[in-house]
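Number of protein chains: 2
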Amino acid sequence: MSQILVVGSLAYDSIQTPSGKVDKTLGGSANYFSLAASLFSKVRVVGVVGSDYNSEDKKMLSDRGVDLAGLEEVKGETFHWAGRYEGDLNEAKTLATHLNVFANFNPQLPEAYKSSEFVFLANIDPDLQTSVLNQIKTPVFVGMDTMNYWIQSKLDSLKKVIGRVNIVLINEGEAKQLTGAGNAVAAAPQICSMGPEAVIIKRGEYGFLLYNKDHGFFGLPAMPTAEVIDPTGAGDSFAGTVFGYLASLKRRPHFLDLKMACVKGTIVSSFTIQDFGMKKLKALDQAQLQERLAQFEKIVSR
Amino acid sequence: MSQILVVGSLAYDSIQTPSGKVDKTLGGSANYFSLAASLFSKVRVVGVVGSDYNSEDKKMLSDRGVDLAGLEEVKGETFHWAGRYEGDLNEAKTLATHLNVFANFNPQLPEAYKSSEFVFLANIDPDLQTSVLNQIKTPVFVGMDTMNYWIQSKLDSLKKVIGRVNIVLINEGEAKQLTGAGNAVAAAPQICSMGPEAVIIKRGEYGFLLYNKDHGFFGLPAMPTAEVIDPTGAGDSFAGTVFGYLASLKRRPHFLDLKMACVKGTIVSSFTIQDFGMKKLKALDQAQLQERLAQFEKIVSR
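Line by line, the protein sequences are chains F and C.
Heads up: the first sequence begins at 1 in our numbering, then just goes up one per residue.
Heads up: the second sequence begins at 1 in our numbering, then just goes up one per residue.
Pasting the structure below:
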């Protein structure tokens, strides 16, 4: 029970921030998620890439033990996102979204993947999230993310997926949009009332808020970071870490496990934002992680 | 060493929030500060009110042990602020500011006040903050707050006050404005480099960030509060609690004391926002405070 399946985007991103810019660097929710999760567990990736997808980028992940058998490679170009962060870096302005090969993505799971017990449905069309979940035989712990686009355009489909998962990880703004609540504290129980036993509201530089029906709230600020280079992938790194850590415990997660998972997610995502794209996350090892975890514990301890 | 002196505004506020509105309710930084601080210590207030100031409002404070000998009463109307909160309630839109008797305020401390050891210079003209500080013989621990208006209009005077205090309590937006930093984490050390040994950056619904040159950061989220009725005075209640608690220890504050002070400030201000004006804060007692403190400890403990 340590295998995680993730479905999401594999992309090349062009990113501008006040610190500089990069062109067509490796990105996408499934890539950030997998790389982070691979620090703790085995990961299987379901997704689609174009013929331009770099073999080095695949090797980087498979070297980390990520199983790419579910990676469909089709003729055409890989999904491409271009965005710019300004001011406080809390929100990206999307400059371009080229779905490319992603437009006709119809996820078909390799036979071995269907017995995955930990499943994460990253931010993609809720109908595709459903399609993947339908192919899993006996899921034990399922999580998902989503975004404003699906809340606006496919709310009914989205709510059906939400009704089937154990945990929702979602940005604060989107949690408010989804529920109509005025703040994250009011939104969290409303999301749980749609089905999930727990929700993690991602608050960027302000950390996270975890809520569970039976145990209430758990929240902490982000790791204090004076210089943020590129916030892209912070949320997906957080989610990957949460699932990587939970799967490594080889049991159905308890609330205490979710708490520790969020703390670890906080640490890993604090590395992600310290350089462009996946650069920092690629180089991250357990020693760095433990060192910063100790610093963080000190910062939030009375 | 348990006497706190505070100088700031005593006001009547007219407040609109999505939950309703109140007209000319008791407010002002010095009032919120004093009422919160009086839960822990003796407080002396320096300020000015008009002939319209209600004797019931004075009695309410003196019943809590607040010393009003420094309250100057002059002919005219008391300071009046009108504001409206919308959407996420994080920022008030000021509809009207009538300085009234506050316009000619020239603080003269009663002789007994000059030996105060804990001093808080709430958000007023930095020249008045300086004038009060000059009258204190041997201050032990001095704190201050400020706002965007003084950062824009009296930056030199403001920096001189900052250079003389032990701790600055300031809103996140104003901390960034004061320093030009892109985020609170970068702003905090810059504020300390102006003189203070510590700074508390107030982040509203996201809690606080405490920074000290020698000990680094300490931060926690706010108490999760689903229904915020009126955020007015939350920051001043926080400051009052911090100083009330610190003064009650009867020693020069250690960093551990500042940490606990921030936790208590978090709890008291979580009451303030649950009703209009000072209504909730007036009724708050130690038992309610202890109960919520225990809840909060659980919410932020791994």
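Every residue, glycine too, gets a C-beta built ideally from N, C-alpha and C.
query: What's the C-alpha gap between Lys21(C) and Asp156(F)?; result: 37 angstroms
query: Chain F partners of Tyr245(C), CB-CB under 7 angstroms?; result: Ordered by position in chain F, no residue passes the 7 angstroms Cβ test against Tyr245(C), which lies about 13 angstroms from the chain.
query: Put Gln288(C) into one of helix, strand or coil per three-state DSSP.; result: helix
query: Taking Cβ to Cβ, would you say Gly244(F) is nearer than 9 angstroms to Ala30(F)?; result: no
query: Measuring straight from C-alpha to C-alpha, what distance separates Arg44(C) and Val6(C)?; result: 6 angstroms
query: Starting from the N-terminal side, write out each stretch of the beta strand (DSSP E) that is 3 residues or longer and does not extend beyond the region 129-155 of chain C.; result: 141-144
query: Can you confirm whether Phe271(F), when its beta carbon is compared against all beta carbons of chain C, has any partner nearer than 9 angstroms?; result: no
query: If we ignore side chains and look at the alpha-carbon of each, how far apart do Arg252(F) and Phe141(F) end up?; result: 7 angstroms
query: Is the Cβ-Cβ distance between Ser41(F) and Ser9(F) less than 9 angstroms?; result: no
query: I'd like to know if Lys259(C) contacts chain F, where contact means its C-beta is closer than 9 angstroms to some C-beta of that chain.; result: yes
query: Would you check if the distance between the CB atom of Lys264(F) and the CB atom of Thr232(F) is smaller than 9 angstroms?; result: no
query: Among the candidates Gly180(F), Ser55(F), Val199(F) and Asp230(F), whose CA atom is the shortest distance from the CA of Leu165(F)?; result: The sequence shown places Val at residue 165(F), rather than the Leu named in the question. Selected option, being the one with the closest Cα: Val199(F).
query: Can you tell me which of Glu86(F), Gly50(F), Met147(F) and Glu91(F) puts its alpha carbon nearest to the alpha carbon of His80(F)?; result: Gly50(F)
query: What are the partner residues of Ser120(F), as DSSP defines its beta bridges?; result: Note that residue 120(F) is Phe in the sequence shown, not Ser. Per DSSP, Val6(F) and Gly143(F).
query: Considering Cα atoms alone, identify which of Glu117(C), Asp214(C) and Ala239(C) is closest to Leu133(C).; result: Glu117(C)
query: Measure the CB-CB distance between Asn123(F) and Thr94(F) and report whether it falls below 9 angstroms.; result: no
query: For Ser237(C), which residues of its own chain have a beta-carbon under 7 angstroms away from its beta-carbon, when the five flanking residues on both sides are left out?; result: Tyr32, Ala36, Val268, Ser269, Thr272 and Leu281
query: Who are the Cβ neighbours of Lys278(C) in its own chain at under 8 angstroms, not counting the five residues just before and after it?; result: Here residue 278(C) turns out to be Met, not Lys, going by the sequence shown. Around Met278(C): Thr25, Leu26, Gly27, Asn31, Tyr32, Leu35, Gly233 and Thr272.
query: If you scan the region 165-250 of chain F from start to end, which runs of the alpha helix (DSSP H) of 4 or more residues do you find wholly inside it?; result: 172-179, 184-192 and 234-248
query: Between Ile229(C), Ala188(C), Ala184(C) and Ile299(C), which has its C-alpha nearest Leu89(F)'s C-alpha?; result: Ala184(C)
query: Return the residue from the list Ala82(F), Val48(F) and Gly65(F) that minimises the CA-CA distance to Glu73(F).; result: Val48(F)
query: Find the nearest neighbour of Leu304(C) within the set Leu128(C), Leu99(C), Gly204(C) and Lys213(C), judged by alpha-carbon distance.; result: Because residue 304(C) is not part of the residues shown, which for chain C are 1 to 302, the question remains open.
query: Considering just the uninterrupted stretch of the beta strand (DSSP E) at Ile273(C), what are its terminal residues?; result: Ile273(C) -> no beta strand (DSSP E), and no H or E assigned at all.
query: Mind reading off the beta-carbon distance from Gly207(F) to Ala186(F)? Whole number of angstroms is fine, and I expect it under 8 angstroms.; result: Incorrect: roughly 18 angstroms between the Cβ atoms, too far for contact.
query: Quick one: which residues of the region 199-214 of chain C get their C-beta closer than 8 angstroms to a C-beta of chain F? List them in chain order.; result: Arg203, Glu205, Tyr206, Gly207 and Leu209
query: Quick one: residues in its chain with C-beta nearer than 8 angstroms to the C-beta of Asn54(C), no 5 flanking neighbours on either side, listed in chain order?; result: Leu26
query: Indicate whether Pro107(C) and Ser131(C) have their beta-carbon atoms separated by less than 9 angstroms.; result: yes
query: Select from the region 215-246 of chain C all residues with a C-beta closer than 8 angstroms to any C-beta belonging to chain F, and list them in chain order.; result: Gly216, Phe217, Phe218, Gly219, Leu220, Pro221, Pro224, Thr225, Ala226, Glu227 and Val228
query: By Cβ distance below 7 angstroms, which residues in the same chain neighbour Thr97(F) in space, the five residues on each side in sequence not counted?; result: Trp81
query: What does Asp275(F) touch in chain C if you count any residue whose Cβ is under 8 angstroms from its own?; result: Under the 8 angstroms cutoff, chain C gives no residues; its nearest Cβ is about 17 angstroms from Asp275(F).
query: Could you check whether the Cβ of Lys298(C) sits closer than 9 angstroms to any Cβ belonging to chain F?; result: yes
query: Using three-state DSSP, classify Gln16(F) as helix, strand or coil.; result: strand
query: Would you list, in chain order, the members of the region 155-189 of chain C that have their beta-carbon closer than 7 angstroms to a beta-carbon of chain F?; result: Gly182, Asn183, Val185 and Ala186
query: From Asp275(C), Leu68(C), Asp52(C) and Lys259(C), pick the residue whose C-alpha is nearest to that of Asn100(C); which is it?; result: Asp52(C)
query: Which whole-angstrom value describes the C-beta separation of Pro139(F) and Ile162(F), a residue pair presumed to lie in contact below a C-beta threshold of 8 angstroms?; result: Not quite, the Cβ-Cβ distance comes to about 15 angstroms (not below 8 angstroms), so this is no contact.
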